[in-house]
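Chemist: Quick one: structure below, then a few questions.
Numbering (the working numbering), first residue to last: 144 to 626.
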């Protein structure tokens, strides 16, 4: 889960786990990689092997790089989950659930091994609660748990503190929590950009840093986190919609009717909507699902770009960035269903380039190591060996994992509605944050030829669109590293 960045310039190869280390080289060029920017506007991050720095690359997960004396480079994939799956086609749901729990218990125990204090990030959801419960089993010492909330409830994000406290009580945890405010977010922005190296356009970077800092302040050096469970067991409610759309996409509907639907959406003013974008993909025989975190649909992305970049990228879409992953999926996957595609894509892209980058860089910024039990390679291999029908029994998301841990964690945790970890950006944009975003983005647009100022400020001022954060993060990064 650790990144590796490298650069080949002036006859030498330099590499490090942080871009800022490469930038200590006075001969390292500093320039924007514009095609990576184009894809960043779709995915909130840059697809490996590129970064937003022209000339600095990152090694994709599961690959190695050979650099020869003449400067030629060869990149090869040494691990792919489909090479290590054994389809569980003849086992009952109960037997599979028991295997999942057994392997997860092993994974949590393995990541407890340390000569320094270890704790658990606890949100009160299924994943973190399972971590805390399994961590505490057979231990004479109380598990130390850490939770972040906000100084109030917001329409876009309601605190989960009560659920975390309840779970902490169930396992007898030594529990700690902190409330964040808008002041905390604004104060952290300069350090956030420095820690990111390149934009990770997810505002959850903020609470991840503060919960890491909280753990460190209480003497904990290592924490277990819950990343990976939703991708392996289909825990995102939106995936049900994507699955339905992928299945509809296979219906023998004449292309003419689909194109009429596109024109109808355009005529009704929805040409920049995700609905238009998904129908467009279907017409082109592309998967509807391009990842668990999509920022701007292709049409809106084009409008946000400066006229120069609109011309430069008029024939490009971000399908080009994920096409190689889809080709591997089609060539290797033992089951070609839409949910297997969603898992595989996010395991190869969103997890390593966004979610794991987020937790690694923010936790290490607080001198804390994050460990990920759900992404143990043997556990991933087991989870990806489970047929779609077993994981979606009864149309319930995450049904297999919930079945596996029922009795390990309380039913009240398992059966409550899912709530993702978030930040109330939309509400905070109504005040000082919105003003700061407007001023920062206006200055960025005035000083560069990257984004269209009118389109950007319309997004921030008139629409108060929380996706403005993605552009704001980009502008802060540019000012810190390239201005």
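Glycine included, every Cβ here is placed at the ideal spot set by N, Cα and C.
#1: Kindly list the residues whose CB is nearer than 6 Å to the CB of residue 598, restricted to its own chain and excluding five residues on each side of it in sequence; keep chain order.
#2: Can you tell which of 427, 431, 415 has its C-alpha closest to the C-alpha of residue 421?
#3: Does the stretch 326-340 come close enough to the stretch 610-620 that 3 or more CB-CB pairs lie under 8 Å?
#4: Could you compute how far the alpha carbon of residue 154 sits from the alpha carbon of residue 277?
#5: Alpha carbon to alpha carbon, what distance is there between residue 244 and residue 471?
#6: Under DSSP, the alpha helix (DSSP H) around residue 376 begins and ends at which residues?
#7: Any contact between the stretch 461-479 and the stretch 305-320? By contact I mean 3 or more CB pairs, one from each, below 8 Å.
#8: Alpha carbon to alpha carbon, what distance is there between residue 177 and residue 188?
#9: What three-state label does DSSP hand residue 285 in the structure shown?
#10: Nearest to residue 566 by CA position, among 339, 298, 198, is which residue?
#11: Using 10 angstroms around the beta-carbon of residue 487, count the other beta-carbons present and answer buried if the total reaches 16, otherwise exposed.
#12: If you drop the 5 nearest sequence neighbours on each side, which residues of the same chain put their C-beta closer than 6 Å to that of residue 536?
#13: At 3 residues or longer, what runs of the beta strand (DSSP E) sit wholly inside the stretch 530-587?
#14: For residue 435 and residue 169, what's the separation of their Cα atoms in angstroms?
#15: Is the Cβ-Cβ distance between residue 372 and residue 544 less than 8 Å?
#16: For the putative contact between residue 383 and residue 540, defined by C-beta atoms under 8 Å, what is the C-beta separation to the nearest angstrom?
#17: Counting pairs of beta carbons, one from the stretch 578-598 and one from the stretch 258-275, are three or more of them closer than 8 Å?
#18: How should residue 286 be labelled, buried or exposed, when 16 other C-beta atoms within 10 angstroms of its C-beta is the threshold for buried?
#19: Counting pairs of beta carbons, one from the stretch 246-255 and one from the stretch 220-228, are three or more of them closer than 8 Å?
#20: Can you grab the Cα-Cα spacing for the pair residue 144 / residue 397, in whole Å?
#21: Have a look at the DSSP bridge pairing and note the partners of residue 206.
#22: Which whole runs of the alpha helix (DSSP H) in the stretch 415-450 are 4 residues long or more, in chain order?
#23: Assign residue 603 to one of two classes, buried (16 or more other C-beta atoms within 10 Å of its C-beta) or exposed (fewer than that).
#24: From what residue to what residue does the beta strand (DSSP E) around residue 360 run?
#25: Among the residues of its own chain, which have a CB less than 7 Å from the CB of residue 175, if the five just before and after it don't count?
#26: Contact defined as beta carbons within less than 8 Å: I believe residue 349 pairs with residue 328. What is the distance between those atoms, to the nearest angstrom?
#27: In the DSSP output, what is residue 149 paired with across the bridge?
#28: Over what stretch of residues does the beta strand (DSSP E) that includes residue 512 continue unbroken?
#29: Do you know how far the Cα of residue 146 is from the Cα of residue 157?
#30: According to DSSP, simplified to helix, strand and coil, what is residue 317?
#31: Answer yes or no: do residue 517 and residue 246 have a C-beta to C-beta separation smaller than 8 Å?
#32: When DSSP builds the beta bridges, which residues end up paired with residue 261?
#33: Quick check: the Cα distance between residue 193 and residue 203, rounded to an integer number of angstroms?
#34: Given that a residue counts as buried once 16 or more other Cβ atoms are within 10 Å of its Cβ, and exposed if not, what is residue 200?
#35: With a threshold of 16 other CB atoms inside 10 Å of the CB of residue 463, please say whether the residue is buried or exposed.
#36: Three or more C-beta pairs under 8 Å: does that hold for the stretch 343-360 against the stretch 551-569?
Modeler: By the coordinates alone:
#1: Reading the chain shown from its first residue, position 455 is the one you call residue 598. Once the five neighbours on either side are set aside, the close Cβ partners of residue 598 are 446, 447.
#2: On the chain shown, position 278 is the one that residue 421 refers to. Ranking 427, 431, 415 by Cα distance to residue 421 puts 431 first.
#3: yes
#4: Here residue 154 refers to the residue found at position 11 when the chain shown is read from its first residue. Here residue 277 refers to the residue found at position 134 when the chain shown is read from its first residue. Rounded to whole angstroms, residue 154 to residue 277 spans 51 Å at the Cα level.
#5: Locating residue 471 in the chain shown gives position 328, counting from the first residue. Locating residue 244 in the chain shown gives position 101, counting from the first residue. When rounded, the distance between both Cα atoms is 29 Å.
#6: For the purposes of this step, residue 376 is identified with residue 233 of the chain shown, where counting begins at 1. Unbroken alpha helix (DSSP H) run through residue 376: 372-376.
#7: Taking one beta carbon from each stretch, the stretch 461-479 and the stretch 305-320 have fewer than 3 pairs nearer than 8 Å; the two do not touch.
#8: Sequence index remark: in the chain shown, residue 188 carries index 45 (1-based). Sequence index remark: in the chain shown, residue 177 carries index 34 (1-based). Whole-angstrom Cα-Cα distance: 13 Å.
#9: Here residue 285 is taken as the residue at index 142 of the chain shown, counted from 1. Residue state, collapsed to three classes: coil.
#10: Working through the chain shown from its first residue, we reach residue 566 at position 423. Ranking the options by Cα distance to residue 566, first place goes to 298.
#11: By one-based count along the chain shown, residue 487 stands at place 344. Looking at its Cβ environment, which holds 16 or more other Cβ atoms inside 10 Å, residue 487 is buried.
#12: In the chain shown, residue 536 corresponds to position 393, counting from 1. Cβ within range, chain order: 542.
#13: none
#14: The count along the chain shown starts at 1 and reaches residue 435 at position 292. The count along the chain shown starts at 1 and reaches residue 169 at position 26. Computed Cα separation, rounded: 38 Å.
#15: Locating residue 372 in the chain shown gives position 229, counting from the first residue. Locating residue 544 in the chain shown gives position 401, counting from the first residue. Yes. Within cutoff.
#16: For this step, residue 383 is matched to residue 240 along the chain shown. For this step, residue 540 is matched to residue 397 along the chain shown. Sure, about 6 Å apart at Cβ, within 8 Å.
#17: no
#18: As a first step, residue 286 must be located in the chain shown, where it is residue number 143. Buried is the call here.
#19: Fewer than three Cβ pairs drawn from the stretch 246-255 and the stretch 220-228 lie within less than 8 Å of each other, which leaves the two stretches out of contact.
#20: By 1-based counting over the chain shown, the position of residue 144 is 1. By 1-based counting over the chain shown, the position of residue 397 is 254. Answer to the nearest angstrom: the Cα atoms are 44 Å apart.
#21: The residue you call residue 206 lines up with position 63 of the chain shown. 220, per the DSSP bridge assignment.
#22: 417-426, 441-447
#23: As a first step, residue 603 must be located in the chain shown, where it is residue number 460. That one is buried.
#24: The residue given as residue 360 occupies position 217 in the chain shown. First-last for residue 360: 348-360, but that is the alpha helix (DSSP H), not the beta strand (DSSP E).
#25: For this step, residue 175 is matched to residue 32 along the chain shown. The answer, listed in chain order, is 195, 197, 625.
#26: For the purposes of this step, residue 349 is taken as the residue at position 206 of the chain shown. For the purposes of this step, residue 328 is taken as the residue at position 185 of the chain shown. By a beta-carbon distance limit of 8 Å, residue 349 contacts residue 328. Their separation comes to about 5 Å.
#27: Residue mapping note: residue 149 aligns to position 6 of the chain shown, counting from 1. Answer by DSSP bridge pairing, in chain order: 158, 200.
#28: Counting from 1 along the chain shown, the entry for residue 512 is found at position 369. Residues 512-514.
#29: What you label residue 157 is simply residue 14 of the chain shown in a count that begins at 1. What you label residue 146 is simply residue 3 of the chain shown in a count that begins at 1. Taking the straight line joining both Cα atoms gives about 14 Å.
#30: Locating residue 317 in the chain shown gives position 174, counting from the first residue. Residue 317 falls in the strand class under three-state DSSP.
#31: Within the chain shown, numbered from 1, the residue matching residue 517 stands at position 374. Within the chain shown, numbered from 1, the residue matching residue 246 stands at position 103. No, the pair does not count as a contact, with Cβ atoms beyond the cut-off.
#32: Position 118 of the chain shown, counting from 1, holds the residue named residue 261. Answer is 365.
#33: By 1-based counting over the chain shown, the position of residue 193 is 50. By 1-based counting over the chain shown, the position of residue 203 is 60. The alpha-carbon of residue 193 is positioned some 9 Å away from that of residue 203.
#34: Here residue 200 refers to the residue found at position 57 when the chain shown is read from its first residue. Buried, by the Cβ-count rule.
#35: What you label residue 463 is simply residue 320 of the chain shown in a count that begins at 1. With fewer than 16 Cβ atoms within 10 Å of its Cβ, residue 463 is classed as exposed.
#36: yes
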